[in-house]
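So the structure is just underneath, and the comments pick up after that.
There are 2 protein chains.
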Amino acid sequence: MPAPRPPSAEKPGTLAKPARSRIQQRNRQRILDAALEVFSNHGFRGATLDQIAAEAGLSKPNLLYYFDSKETVHRALLTRLLDDWLAPLRKLDPSGAPDVEILSYMHRKLEMSRAYPRESRLFANEILQGAPRLEGFISTELRALVDEKASVIAAWARAGRIAPIDPHHLIFSIWALTQHYADFTAQIDMIRGPGHDPFEGAGAFLDHLYKRLLAP
Amino acid sequence: MPAPRPPSAEKPGTLAKPARSRIQQRNRQRILDAALEVFSNHGFRGATLDQIAAEAGLSKPNLLYYFDSKETVHRALLTRLLDDWLAPLRKLDPSGAPDVEILSYMHRKLEMSRAYPRESRLFANEILQGAPRLEGFISTELRALVDEKASVIAAWARAGRIAPIDPHHLIFSIWALTQHYADFTAQIDMIRGPGHDPFEGAGAFLDHLYKRLLAP
DNA sequence: AAGCTTCTTGACTGAATGGTCAAAGTTGAT
DNA sequence: ATCAACTTTGACCATTCAGTCAAGAAGCTT
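Chains D and W are the protein sequences, given in the same order.
Read left to right, the first sequence gives residues 1 to 216 (this note's numbering).
Read left to right, the second sequence gives residues 1001 to 1216 (this note's numbering).
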């Protein structure tokens, strides 16, 4: 028989993690890290396998031994990310204090942008180009989660526990404001000059903004 | 609110280039329109000259008769845009009423996003990738304008005419919130389902948000 | 150490893509 | 109508890029 089966693709149906050698673990990790770096800076089409391979310290054929195609690497990256992406909103607790819950959500999201700007840019790149590879995720899981939490917020507003605002727009505004600091870092840096943390003052500003917006 | 002025066509007065025939005018315009469509949806590297030429209804060599290279088309597009991009902030009047001025600026920017989402995405694409082709513009003209208007806002705040807020973050927040509706249209559409204008309710929401934020 | 499996790579391939060029077609002023 | 300048294009070129392949190197297990 020709080439041994590359163990790259996740086998549907079977266990998600068939035992992998240390080498596989290490190299898959390296590849995903390198791919995150490259995809987040250049978008899907702008990224090349050679770049990713070089960044990962592997040869291109070696990279393709671990992942069947560029597409596969990209999907693996997104998949690895989606759960973490939903986590902050998932934690919004209907039984908590409305203002605290919403403020906490905003701060979690901001912290996410600060800690994982590359992931944020990867997302932004995808959505800018029409979200072809995220359509399933967004219009099912994300949409369901947003609708669920939006109705929680709407109930809070109806009960007069926060100001009456459109919950969808509230959520969109949190996304816009927090992700902006990660996605537009280049612009912020150029405007404020070097030597500034792009997130400097962002937490305090957004805290103030949402406290004012939500006060009943 | 009146629609903002469309992105400027050609500089009529001084010419670095000799008078252009009607054919040139028409075809250059077609190419730039096509290029805007393609670049804004796929980014610089993701766009191809064949795509742009097809969209413009020209052959690729014919396109290259009007612009020397892909790079040249792209630069022409950006150049055509930069002035219009600054216009809304330029209009912020130091002698006006602070809240009215800032609110008006926000609405102008939102209207810009609504009317020219492709231009907004073109910008977003550039900045996401580190703004290599916008570095000059951002760190000189845009920066100077932002600093100028930020100090106007800071003065208003010191005088107690609006709430004490960080003017840079205020400006960033306006950019983030208004451009989000243009840049992340794909996501908003998928979450709210089809048949919704992504900007629906945005004006009212943002109006409310900034009124609350700015009240002294 | 033997023998099997897993990794790695140099050399390719075919398709895209940015860009060139000379020749052909079109336009417009005289 | 003529002719020179302007416009258009088919054919072509060099490079880049995703992906293949067969053979060799390195690990593991006994």
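Ideal Cβ placement from N, Cα and C applies to all residues, glycine included.
Owing to the predicted nature of the structure, the values given are computational and were not obtained by experimental measurement.
Rounded distance between the beta-carbons of ILE1127 of chain W and ALA186 of chain D, thought under 8 Å: 5 Å
Segments of 4+ residues assigned as alpha helix (DSSP H) that fall wholly inside the stretch 50 to 101 of chain D: 60 to 66, 70 to 90
Under 7 Å by beta carbon: chain D residues contacting PHE1172 of chain W: HIS180, ILE188
Contact check, ASP1183 of chain W vs HIS1107 of chain W, beta carbons under 9 Å: no
Proximity winner among D:ASN27, D:SER104, D:HIS168, relative to SER151 of chain D (alpha-carbon distances): D:HIS168
Given 8 Å, three or more beta-carbon pairs between the stretch 1083 to 1094 of chain W and the stretch 1104 to 1121 of chain W: yes
From D:ILE162, D:ASP50, D:TYR65, residue whose alpha carbon lies closest to that of GLN24 of chain D: D:TYR65
Closest Cα partner of LEU1110 of chain W within the set W:SER1173, W:GLU1135, W:LYS1070: W:SER1173
Integer-rounded CB distance, given that PRO1216 of chain W should sit under 8 Å from ALA1163 of chain W: 6 Å
Nonlocal neighbours in the same chain, by C-beta distance under 8 Å from LEU36 of chain D, ignoring five residues either side: LEU77, ARG118, GLU119, LEU122
Simplified DSSP state of PHE1123 of chain W, which is helix, strand or coil: helix
Any C-beta of chain D under 9 Å from that of ARG1118 of chain W: no
GLU141 of chain D, enclosing alpha helix (DSSP H) - first and last residue: Premise fails: GLU141 of chain D is in no alpha helix (DSSP H) and is neither H nor E.
Whether ILE1188 of chain W touches LEU1170 of chain W by CB criterion (9 Å): no
Where the stretch 1128 to 1154 of chain W meets chain D: residues whose CB sits under 7 Å from a CB there: LEU1128, GLN1129, GLY1130, ALA1131, GLU1135, ILE1138, SER1139, LEU1142, ARG1143, VAL1146
Closest residue to LEU1063 of chain W among W:LEU1214, W:LEU1049, W:ALA1115 (Cα-Cα distance): W:LEU1049
From D:LYS149, D:VAL146, D:ALA53, D:SER21, residue whose alpha carbon lies closest to that of ARG30 of chain D: D:ALA53
Same chain, Cβ closer than 6 Å to GLN1179 of chain W, five either side skipped, listed in chain order: SER1113, SER1120
C-alpha distance - VAL1073 of chain W paired with ASP1033 of chain W, whole-angstrom precision: 10 Å
HIS1042 of chain W - DSSP class collapsed to helix/strand/coil: helix
Endpoints, alpha helix (DSSP H) assigned at ARG1212 of chain W: 1202 to 1214
Selection from D:GLU141, D:ALA159, D:PHE67 that minimises the alpha carbon distance to LEU214 of chain D: D:ALA159
Integer-rounded CB distance, given that LEU1089 of chain W should sit under 8 Å from LYS1149 of chain W: 6 Å
Neighbouring residues, chain D, relative to ASN1041 of chain W (Cβ below 9 Å): LEU128, GLN129, GLY130
Start and end residues, alpha helix (DSSP H) containing ASP1189 of chain W: 1185 to 1192
Interface residues of chain D facing GLY1201 of chain W [CB-CB closer than 7 Å]: ASP166, HIS169
Contact list for GLY1046 of chain W against chain D, beta-carbon separation under 8 Å: GLY43, PHE44, ARG45, GLY46, GLN129
Proximal residues, the stretch 69 to 84 of chain D versus chain W, C-beta separation under 7 Å: none
Selection from D:ALA47, D:GLY57, D:SER40 that minimises the alpha carbon distance to ARG26 of chain D: D:GLY57
Reference ASP1166 of chain W; option with closest CA among D:PHE199, D:ALA157, D:HIS42, D:ARG75: D:PHE199
Contact set between ARG1212 of chain W and chain D, taken where Cβ atoms lie within less than 7 Å: ARG212, LEU213
Same chain, Cβ closer than 8 Å to GLU1071 of chain W, five either side skipped, listed in chain order: none
Distance between SER1069 of chain W and LEU1209 of chain W (C-alpha atoms, nearest Å): 45 Å
Cα-Cα separation, LEU1142 of chain W to TYR116 of chain D: 27 Å
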